[in-house]
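Residue numbering for the sequence shown follows the working numbering, starting at -15 and increasing by one per position.
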Amino acid sequence: MSATTRITVTLPTEQVAELKKLTDNVSGYVAEAVARQIRHQLLADDLRRYQDEQGQFTDEELAEARARISASGEAAGSASAA
(Lines of atoms letter the chains of each structure in order from A and count residues from 1; the text may use other names and numbers.)
(Lines give C-alpha, C1' and ligand atoms only; values in the text may rest on other atoms or scores of the structure.)
Protein backbone atom coordinates (compact mmCIF):
# COMPACT_ATOMS: atom_id res chain seq x y z
CA MET A 1 0.00 0.00 0.00
CA SER A 2 1.29 3.46 -0.83
CA ALA A 3 1.88 6.09 1.82
CA THR A 4 -0.88 8.60 2.41
CA THR A 5 -1.04 12.13 3.74
CA ARG A 6 -4.10 13.61 5.38
CA ILE A 7 -5.13 16.97 3.93
CA THR A 8 -8.17 19.21 4.22
CA VAL A 9 -10.17 20.01 1.10
CA THR A 10 -13.00 22.50 0.90
CA LEU A 11 -15.84 21.66 -1.50
CA PRO A 12 -19.23 23.19 -2.15
CA THR A 13 -21.89 21.70 0.13
CA GLU A 14 -23.90 20.41 -2.84
CA GLN A 15 -20.89 18.49 -4.18
CA VAL A 16 -20.26 16.88 -0.81
CA ALA A 17 -23.89 15.79 -0.58
CA GLU A 18 -23.77 14.23 -4.06
CA LEU A 19 -20.39 12.65 -3.34
CA LYS A 20 -21.74 10.95 -0.21
CA LYS A 21 -24.63 9.56 -2.28
CA LEU A 22 -22.12 8.01 -4.68
CA THR A 23 -19.70 6.42 -2.25
CA ASP A 24 -18.99 5.52 1.35
CA ASN A 25 -15.26 5.94 0.63
CA VAL A 26 -14.91 9.65 -0.07
CA SER A 27 -11.12 9.57 0.28
CA GLY A 28 -10.80 6.73 -2.24
CA TYR A 29 -13.18 8.43 -4.65
CA VAL A 30 -11.28 11.72 -4.46
CA ALA A 31 -7.91 9.95 -4.75
CA GLU A 32 -9.07 8.22 -7.96
CA ALA A 33 -10.40 11.49 -9.37
CA VAL A 34 -7.08 13.21 -8.64
CA ALA A 35 -5.11 10.31 -10.18
CA ARG A 36 -7.29 10.47 -13.31
CA GLN A 37 -6.75 14.24 -13.60
CA ILE A 38 -2.98 13.83 -13.18
CA ARG A 39 -2.91 11.18 -15.95
CA HIS A 40 -4.98 13.48 -18.16
CA GLN A 41 -2.60 16.40 -17.57
CA LEU A 42 0.51 14.28 -18.19
CA LEU A 43 -0.97 12.96 -21.44
CA ALA A 44 -1.86 16.50 -22.56
CA ASP A 45 1.71 17.60 -21.80
CA ASP A 46 3.13 14.67 -23.80
CA LEU A 47 0.85 15.39 -26.76
CA ARG A 48 1.76 19.09 -26.71
CA ARG A 49 5.47 18.25 -26.56
CA TYR A 50 5.11 15.76 -29.44
CA GLN A 51 3.37 18.34 -31.61
CA ASP A 52 6.01 20.95 -30.77
CA GLU A 53 8.68 18.53 -32.00
CA GLN A 54 6.87 16.74 -34.84
CA GLY A 55 4.26 19.23 -36.03
CA GLN A 56 0.47 19.24 -35.75
CA PHE A 57 -1.41 15.96 -35.97
CA THR A 58 -2.97 15.32 -39.36
CA ASP A 59 -6.71 14.77 -39.77
CA GLU A 60 -5.95 11.12 -40.50
CA GLU A 61 -3.92 10.72 -37.30
CA LEU A 62 -6.68 12.35 -35.26
CA ALA A 63 -9.34 10.13 -36.85
CA GLU A 64 -7.29 7.01 -36.11
CA ALA A 65 -6.75 8.11 -32.50
CA ARG A 66 -10.47 8.75 -32.03
CA ALA A 67 -11.31 5.34 -33.47
CA ARG A 68 -8.84 3.63 -31.12
CA ILE A 69 -10.17 5.52 -28.10
CA SER A 70 -13.76 4.62 -29.01
CA ALA A 71 -12.84 0.97 -29.51
CA SER A 72 -10.99 0.76 -26.18
CA GLY A 73 -13.88 2.47 -24.39
CA GLU A 74 -16.36 0.02 -25.86
CA ALA A 75 -14.14 -2.93 -24.88
CA ALA A 76 -13.84 -1.60 -21.32
CA GLY A 77 -17.61 -1.17 -21.14
CA SER A 78 -18.12 -4.76 -22.27
CA ALA A 79 -15.64 -6.04 -19.70
CA SER A 80 -17.27 -4.19 -16.81
CA ALA A 81 -20.73 -5.38 -17.89
CA ALA A 82 -19.60 -9.02 -17.76
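From the three backbone atoms N, C-alpha and C, an ideal C-beta is built for every residue, glycine too. What you are looking at is a predicted structure, and each value in this text was computed from that prediction instead of being measured.
Run through DSSP, which three-state label would residue i get?
{"i": "Ile(-9)", "result": "coil"}
{"i": "Ser(-14)", "result": "coil"}
What residue does the alpha helix (DSSP H) around residue i start on, and which one ends it?
{"i": "Gly39", "result": "Careful: Gly39 lies outside any alpha helix (DSSP H) and carries neither H nor E."}
{"i": "Thr(-3)", "result": "Thr(-3) to Leu6"}
Quick check on this structure: which residue in the options has the alpha carbon closest to the alpha carbon of residue i?
{"i": "Thr(-8)", "options": "Glu45, Lys4 and Val14", "result": "Val14"}
{"i": "Thr(-11)", "options": "Gln40, Gly12 and Asp43", "result": "Gly12"}
Does the distance between the C-beta of residue i and the nearest non-hydrogen atom of the ligand HEM fall short of 8 Å?
{"i": "Glu45", "result": "Because no ligand of any kind appears in the structure shown, any question about the ligand HEM cannot be addressed here."}
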